[in-house]
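As structure tokens, the structure follows; a few thoughts come after it.
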Amino acid sequence: MTTTQEHPANPAASDADRPIGFGRIQRKEDPRFVRGKGHYVDDITLPGMLHGAILRAPVAHARLVSIDATEALAHPKVLAVITGKDLQGLNLAWAPTLSADVQAVLVTDKVRFQGQEVAFVVAEDRYAARDALELIDVEYDILPPVIDARKALAPEAPVIRDDIEGRTNNHIFDWEMGDADETDAAFAAADVVVSQEIVYPRVHPAPMETCGAVADFDPIDGGLTLYETTQAPHAHRTLYAMVAGIPEHKIRVVSPDIGGGFGNKVGIYPGYVLAVVGSIVTGKPVKWVEDRSENLMSTSFARDYIMQGEIAATKDGKILALRTNVLADHGAFNATAQPTKNPAGFFSIFTGSYDLQAAHCKVTGVYTNKAPGGVAYACSFRVTEAVYLVERMVDILARNLEMDPAELRLKNFIRPEQFPYANKTGWEYDSGNYEPAMRLSMEMAGYDELRREQAEKRERGELMGIGISFFTETVGAGPRKHFDIVGLGMADGAELRIHPTGKAVVRISVQSQGQGHETTFAQIVAEELGIPPEDIDVVHGDTDQTPFGLGTYGSRSTPVSGGAVALVARKVRDKAKFIAAAMLETRPEDLEWEKGRWFVKGDPGVGKTMAEIALGAHGTVALPEGIDGNLDAEVTYDPPNLTFPFGAYICVVDVDPGTGHVKVRRFVAVDDCGTRINPMIIEGQVHGGLTDGVGMALMEIIEFDDAGNCLGGSFMDYLIPTAMEVPDWETGFTVTPSPHHPIGAKGIGESATVGSPPAIVNAVVDALAPLGVTHMDMPCTPARVWEAMQGRPRPPV
Amino acid sequence: MQIPASFDYVRAADVDNAIALLERHGPEARVIAGGHSLLPMMKLRLARPEWVIDINDLTELDFLVREGDVLRIGAMTRHTALLESAEVARLFPIVTDAERVIADPVVRNRGTIGGSLCQADPAEDLSTVCNVLAAQVIIRGAGGERVLSMPEFHQGPYETAVAQTELLCEIRFPVRPRSGSAYEKVERRVGDWAVAAAGAAVSLAENGTISHASVGLTAVGLEGTVSEAADILAGQQPSEELFAEAGRAAAAACDPMADQRGPVDYKRHLADELTRRVLRRACSRAAKTQEG
Numbered sequence: 010m011t012t013t014q015e016h017p018a019n020p021a022a023s024d025a026d027r028p029i030g031f032g033r034i035q036r037k038e039d040p041r042f043v044r045g046k047g048h049y050v051d052d053i054t055l056p057g058m059l060h061g062a063i064l065r066a067p068v069a070h071a072r073l074v075s076i077d078a079t080e081a082l083a084h085p086k087v088l089a090v091i092t093g094k095d096l097q098g099l100n101l102a103w104a105p106t107l108s109a110d111v112q113a114v115l116v117t118d119k120v121r122f123q124g125q126e127v128a129f130v131v132a133e134d135r136y137a138a139r140d141a142l143e144l145i146d147v148e149y150d151i152l153p154p155v156i157d158a159r160k161a162l163a164p165e166a167p168v169i170r171d172d173i174e175g176r177t178n179n180h181i182f183d184w185e186m187g188d189a190d191e192t193d194a195a196f197a198a199a200d201v202v203v204s205q206e207i208v209y210p211r212v213h214p215a216p217m218e219t220c221g222a223v224a225d226f227d228p229i230d231g232g233l234t235l236y237e238t239t240q241a242p243h244a245h246r247t248l249y250a251m252v253a254g255i256p257e258h259k260i261r262v263v264s265p266d267i268g269g270g271f272g273n274k275v276g277i278y279p280g281y282v283l284a285v286v287g288s289i290v291t292g293k294p295v296k297w298v299e300d301r302s303e304n305l306m307s308t309s310f311a312r313d314y315i316m317q318g319e320i321a322a323t324k325d326g327k328i329l330a331l332r333t334n335v336l337a338d339h340g341a342f343n344a345t346a347q348p349t350k351n352p353a354g355f356f357s358i359f360t361g362s363y364d365l366q367a368a369h370c371k372v373t374g375v376y377t378n379k380a381p382g383g384v385a386y387a388c389s390f391r392v393t394e395a396v397y398l399v400e401r402m403v404d405i406l407a408r409n410l411e412m413d414p415a416e417l418r419l420k421n422f423i424r425p426e427q428f429p430y431a432n433k434t435g436w437e438y439d440s441g442n443y444e445p446a447m448r449l450s451m452e453m454a455g456y457d458e459l460r461r462e463q464a465e466k467r468e469r470g471e472l473m474g475i476g477i478s479f480f481t482e483t484v485g486a487g488p489r490k491h492f493d494i495v496g497l498g499m500a501d502g503a504e505l506r507i508h509p510t511g512k513a514v515v516r517i518s519v520q521s522q523g524q525g526h527e528t529t530f531a532q533i534v535a536e537e538l539g540i541p542p543e544d545i546d547v548v549h550g551d552t553d554q555t556p557f558g559l560g561t562y563g564s565r566s567t568p569v570s571g572g573a574v575a576l577v578a579r580k581v582r583d584k585a586k587f588i589a590a591a592m593l594e595t596r597p598e599d600l601e602w603e604k605g606r607w608f609v610k611g612d613p614g615v616g617k618t619m620a621e622i623a624l625g626a627h628g629t630v631a632l633p634e635g636i637d638g639n640l641d642a643e644v645t646y647d648p649p650n651l652t653f654p655f656g657a658y659i660c661v662v663d664v665d666p667g668t669g670h671v672k673v674r675r676f677v678a679v680d681d682c683g684t685r686i687n688p689m690i691i692e693g694q695v696h697g698g699l700t701d702g703v704g705m706a707l708m709e710i711i712e713f714d715d716a717g718n719c720l721g722g723s724f725m726d727y728l729i730p731t732a733m734e735v736p737d738w739e740t741g742f743t744v745t746p747s748p749h750h751p752i753g754a755k756g757i758g759e760s761a762t763v764g765s766p767p768a769i770v771n772a773v774v775d776a777l778a779p780l781g782v783t784h785m786d787m788p789c790t791p792a793r794v795w796e797a798m799q800g801r802p803r804p805p806v
Numbered sequence: 021m022q023i024p025a026s027f028d029y030v031r032a033a034d035v036d037n038a039i040a041l042l043e044r045h046g047p048e049a050r051v052i053a054g055g056h057s058l059l060p061m062m063k064l065r066l067a068r069p070e071w072v073i074d075i076n077d078l079t080e081l082d083f084l085v086r087e088g089d090v091l092r093i094g095a096m097t098r099h100t101a102l103l104e105s106a107e108v109a110r111l112f113p114i115v116t117d118a119e120r121v122i123a124d125p126v127v128r129n130r131g132t133i134g135g136s137l138c139q140a141d142p143a144e145d146l147s148t149v150c151n152v153l154a155a156q157v158i159i160r161g162a163g164g165e166r167v168l169s170m171p172e173f174h175q176g177p178y179e180t181a182v183a184q185t186e187l188l189c190e191i192r193f194p195v196r197p198r199s200g201s202a203y204e205k206v207e208r209r210v211g212d213w214a215v216a217a218a219g220a221a222v223s224l225a226e227n228g229t230i231s232h233a234s235v236g237l238t239a240v241g242l243e244g245t246v247s248e249a250a251d252i253l254a255g256q257q258p259s260e261e262l263f264a265e266a267g268r269a270a271a272a273a274c275d276p277m278a279d280q281r282g283p284v285d286y287k288r289h290l291a292d293e294l295t296r297r298v299l300r301r302a303c304s305r306a307a308k309t310q311e312g
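These protein sequence lines map, in sequence, to chains A and B. Going by our numbering, the letters in the first sequence line up with residues 10 to 806, in that order. Going by our numbering, the letters in the second sequence line up with residues 21 to 312, in that order.
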């Protein structure tokens, strides 16, 4: 295995050395964004368009007694008020979720979380629609709610899902991975066993753009055009066809510019369905865009795992086994976006980057009276929770063994020669080389010097902490035989067309929410064909314009669609060879490729560029038998395995001993995402994810009071970090290409979100170590840190 | 987009016009200055004024002038102007300290001192600052002008002495010789409301003892200033022990409520800790100040 490493000086891109292929170039999509010319769902205005607004439940759990919309309907600008009863008539009151459950589109029987959709008003303008919500009179019969997940399975707990026949409790699933007996045996033989309850509280993706849709149903031809904030336009179209009974060829889903997704825009929300119903009912286009509070209170949350972790080791620091029992709060409906066979996502990768003898996890999912979802919030299908668990447990073990946490990790890494590595819960890690990344991060951070500084500060009573996290990601779902979402295999397509003048258009099935697809995918084609990236248009987001595929989430765009694009370019290159041979009146096997042209072996002066070949393909050259007169190709890529990016993060914090306030002073992030297509985009993704991590570690939480009121329903209450809370990020990288991916790339989108929270919390706990603190849960707000300093840390739920 | 209930809007030309508009449009009219409290409340429909009277054209209320032993500040003075004023920083560093931690630059560019005081949010920093500095406020109505002390002006959370048809026009800070002041806040994130904050102002006698002191607290359920702390400090030589005693008095005097920002004991602890810190800094500043 080859791993290269570098601590880059971050040179700016200059036009002079613009790479034709991989390298640092500015994003092709940015000119429109920096000029304010992006085109989002809310920018779409269609002739005669109406506006929808959703009436939401003010309480968490209540029997719906009656809805009286008379006054709202009397509003001069209101055209329709749709209730659950109306939807029952259309067989649309309930819709399937992405996790084999159903979710109410509008309440018919019972409210199950605060903010749930109760009625939909369609009016001439947005103001009237909002005003009319106050004219709807709803009577509720309040029921006791289930808020504490720990009590959800108690025999006396009210049954939330009495809509499901025979349901007598709030249990959703039990899911186990690994060998329990083998793990128990390893624990029994261990010198040291350490246990800790670790809570990853409920947080929210909180994209800058909230969710919304414009539905345009044509009553004449029965066609539906749906502009949506979706990360997965093709999957949505298929689901609408299955649920709404509109034939799939009559549905066009368009995902225009998307202002951030982070998993929040994977699922189908009642609002989208209601916009469609509104358009069918009124015969006009209907726009629905939620406000910030609606987004925070009702759309997919993330995390909400209560994890009981146990780690076993020898007394000299060889980690033997890991086990955990997890209580997963899934809210009122099991609407988690996960591959079908993985109800807890990829959580079973909780063995992390370590070579263990045994591991076992059990996850129990429960219903509560909270918003549904549990999405892949930049979490690679729950790898975030898994990495947080193992990286906290390893740190706690290091404390227990009085070992340096870096040393303990280095001692237990899976070694390079062990790859491909089969872990104890059924994953095959494709590649990895962990020690160089760990060493590089320590060198960049000046680890030994930091420890010396810490020792001096401790003498003076100052609280300085150094936190390490080493993560292995599991992304790029995935092989169709293992991974599907509601029966749709997780493959992706690509179509490439070279125009006669040698310019190109590549159509992809994944959809950018800010990741830079229009640049990255152009660079992949450029690398393969030698056509400059600026001459390659990337089309995405419109089901009428792009091939089928499952979309962008779980860091899967580069691992899956990136593979598709590389392969489709190679297909074109292979075809170009035949055409070039015809043009040069030679045999294809006599030609050799250099980036951008085929030439005659041994005679480099004689050859044809891609542009010349493209013109030849569309011109009058006599083409060989079986070669069409174009330079186009298409593929669907079914990856042979997942990819396993990894990284070593080191965080330095200072804690104010008098107030508990945490300041993140430094953060070193060394990432290995395999082949690096555009380092500038990679760094941007890492910066964003690290900022996200600071948010979760220090401030973000969606809390509920005992009555089930959501306490995080605005940005005054749900805090997200600003530039003031984050340090200058120090990034570095190693390169360990994926052996099975066409270009060796592994995906980077979620690495930093996955890897950074444990580094920060480990740093905070390390800072508080002189006070005897061994663990505290996120978020590390001043008050919660102070409580930990007083010797009484409090779980957030 | 969060959508307020429908309302009418009018732009006042000057102070007299603003007062006339308030009289004309009655009890459901609200004045808007920076708008950083009113607009979010309207969007959440927690405030539903029938009329919004915009006073952003009242440039006559945007001033900062020293007249003898008084610094006069117009009610429409933006936070940024206060933050950037060298004279304010020299005379009343507590103001600069506080302004540095009020929200973010976008809010400070728009928000005003008058708006902050009139909103009278319990977590509002400038109310504490004005209390500590024993500010006077000038309120105008159709009948003329009233001059009030802060205890007269500030009547409780979200309540002030400004009548529906009156306008807060000016704030006056008395300049004291050999004085220093400071403010410190703990917040979960920049721009969040204070978990707790404390402000202090002290004047030193020739012999270095504290001739006058004032301590105020933010967001911990205490109106006005901590008189117990002032009593402890008066006539004493500044020392860590003295600050600690004043801190304990501040903690005992406050009455915080538990919320997402923290439990009662933590906030009480902050009242103590932050009081010590601001006294330490205020005394150190006072000692360095020669001129009044």
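Note that CB positions come from ideal geometry on N, CA and C, so glycine has one too.
Item                                                                                                                       : Value
Through-space distance from Val662 (chain A) to Cys789 (chain A), alpha-carbon basis                                       : 12 Å
Residue-chain proximity (His16 (chain A), chain B), Cβ-Cβ < 7 Å                                                            : Below a pLDDT of 50, predicted positions are generally treated as unreliable, and His16 (chain A), at 49, falls in that range; no measurement from the model is reported.
Pick from A:Gly470, A:Phe608, A:Ser204 that is closest to Glu405 (chain A), judged by C-alpha positions                    : Residue identity check: residue 405 (chain A) is Ile in the sequence provided, not Glu. Ile405 (chain A) has its Cα closest to that of A:Ser204, out of A:Gly470, A:Phe608, A:Ser204.
Neighbouring residues, chain B, relative to Asp726 (chain A) (Cβ below 8 Å)                                                : Gln280
Endpoints, beta strand (DSSP E) assigned at Val695 (chain A)                                                               : That residue, Val695 (chain A), is in no beta strand (DSSP E); its alpha helix (DSSP H) goes 688–707.
Classification of Pro20 (chain A) by the beta-carbon crowding that lies within 10 angstroms, buried from 16 upward         : Any reading at Pro20 (chain A) must be qualified, since the residue scores a pLDDT of 46, below 50, and its modelled position is unreliable; no value is offered.
Limits of the unbroken beta strand (DSSP E) element including Ile320 (chain A)                                             : 311–322
Any beta strand (DSSP E) of 3 or more consecutive residues that is wholly inside the stretch 479–526 of chain A            : 501–507, 513–517
Cα-Cα separation, Phe129 (chain A) to Ile91 (chain A)                                                                      : 5 Å
Distance between Ser309 (chain A) and Ser723 (chain A) (C-alpha atoms, nearest Å)                                          : 15 Å
Contact set between His670 (chain A) and chain B, taken where Cβ atoms lie within less than 8 Å                            : Val206
From B:Leu84, B:Leu242, B:Ala140, residue whose alpha carbon lies closest to that of Leu58 (chain B)                       : B:Ala140
According to DSSP, residues forming a beta bridge with Val661 (chain A)                                                    : A:Ile475, A:Arg675
Same chain, Cβ closer than 6 Å to Arg4 (chain A), five either side skipped, listed in chain order                          : Within the shown structure, residues of chain A are numbered from 10 to 806, placing residue 4 (chain A) beyond reach of any answer.
Nearest to Leu146 (chain B) (by Cα), restricted to the options B:Ile158, B:Asp117, B:Pro24, B:Ser223                       : B:Asp117
Supposed close pair Ala89 (chain A), Gly254 (chain A) - CB separation, criterion 8 Å                                       : Not quite, the Cβ-Cβ distance comes to about 20 Å (not below 8 Å), so this is no contact.
Buried versus exposed, by CB contacts within 10 Å (16 or more), Thr550 (chain A)                                           : The sequence given here places Gly at residue 550 (chain A); Thr does not occur at that position. The residue in question, Gly550 (chain A), is buried, as its Cβ has 16 or more Cβ neighbours within 10 Å.
Inter-residue spacing [alpha-carbon to alpha-carbon] between Asp701 (chain A) and Val372 (chain A)                         : 25 Å
The stretch 102–114 of chain A in contact with the stretch 37–52 of chain A per 3-pair CB rule at 8 Å                      : no
Amino acids of chain B, ordered along the chain, whose beta-carbon sits closer than 7 Å to that of Met733 (chain A)        : Val210
Alpha-carbon to alpha-carbon, Pro210 (chain A) and Ser201 (chain B)                                                        : 41 Å
Neighbour list for Ser357 (chain A) in chain B, Cβ cutoff strictly below 8 Å                                               : Correct list: empty, because the minimum Cβ distance to chain B is about 34 Å.
Three CB pairs or more closer than 8 Å across the stretch 645–659 of chain A and the stretch 567–579 of chain A            : yes
Own chain residues within Cβ distance below 7 Å of His749 (chain A), not counting five before or after                     : Asp439, Pro649, Asn650
Contact list for Met708 (chain A) against chain B, beta-carbon separation under 7 Å                                        : Arg208, Arg209
Short Cβ contact (7 Å threshold) for Trp213 (chain B) with Ala162 (chain B)                                                : no
Sequence-distant residues of its chain with Cβ nearer than 7 Å to Met708 (chain A) (five each side left out)               : Leu728, Pro730, Pro788, Thr790
Cα-Cα separation, Asp36 (chain B) to Ala53 (chain B)                                                                       : 16 Å
Contact belief for Gly656 (chain A) with Gly781 (chain A) at Cβ below 8 Å, rounded distance in angstroms                   : Not confirmed; about 31 Å, so no contact.
Under 9 Å by beta carbon: chain B residues contacting Ala766 (chain A)                                                     : According to the sequence as given, residue 766 (chain A) is Pro; it is not Ala. Those within 9 Å of Pro766 (chain A) in chain B number zero; the least Cβ separation is about 16 Å.
Inter-stretch contact at 8 Å, needing at least 3 Cβ pairs: the stretch 231–240 of chain A / the stretch 415–432 of chain A : no
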